[in-house]
Amino acid sequence: MFDLSKNLIEQLPGPHDSIVRFGGEEFSVFLPDTTQEECRNIGQRMVDAVASLSIDNDASPLGKITISAGYVVSPSTHTPGLEQLLSEADLYLYEAKLAGKARLAGSTEKQNQVC
Numbered sequence: 001m002f003d004l005s006k007n008l009i010e011q012l013p014g015p016h017d018s019i020v021r022f023g024g025e026e027f028s029v030f031l032p033d034t035t036q037e038e039c040r041n042i043g044q045r046m047v048d049a050v051a052s053l054s055i056d057n058d059a060s061p062l063g064k065i066t067i068s069a070g071y072v073v074s075p076s077t078h079t080p081g082l083e084q085l086l087s088e089a090d091l092y093l094y095e096a097k098l099a100g101k102a103r104l105a106g107s108t109e110k111q112n113q114v115c
């Protein structure tokens, strides 16, 4: 778990970006002042970085640990509550999981936003 966490943290480019363990196998990443495109790129780097670790996982159909991620982007002019953001990100997470292993899914609004 340490290698996995360290690898995810290394993908965060901003000084105020943070990652917290949210549940047993779930993490929440906060990327203030990040556009939708940047958020998607960072998320994809995280998915790819974990896959590159090539950690064995007999319970996975791929035989390796992978992550799926859901993200939501909020307009900088209106930030919903944390509970709403987490709920929306969770919906995208399950969308990514349904699409297969090592996937990313998220909001598609294209205005000035905060991830």
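Here UniProt numbering is used: the first residue of the sequence shown is 1, the next is one more, and so on.
The beta carbon of each residue, even a glycine, is placed where N, CA and C say it ideally should be.
- By the Cβ neighbour-count rule, V29 is buried, with 16 or more other Cβ atoms within 10 Å of its own.
- G70 sits in a strand when the DSSP states are folded into three classes.
- Note on geometry: alpha-carbon atoms of A49 and C39 lie some 15 Å from one another.
- Within the UniProt domain "GGDEF" (1-109), the alpha helix (DSSP H) runs of at least 4 residues that lie entirely inside it are, in chain order, 2-9, 36-53 and 82-99.
- Distance from the CA atom of A99 to the CA atom of D58, rounded to whole angstroms, is 20 Å.
- For the pair I42 and L4, the CB atoms are not nearer than the 9 Å cut-off.
- Note that the C-beta distance between V47 and A89 is not below 9 Å.
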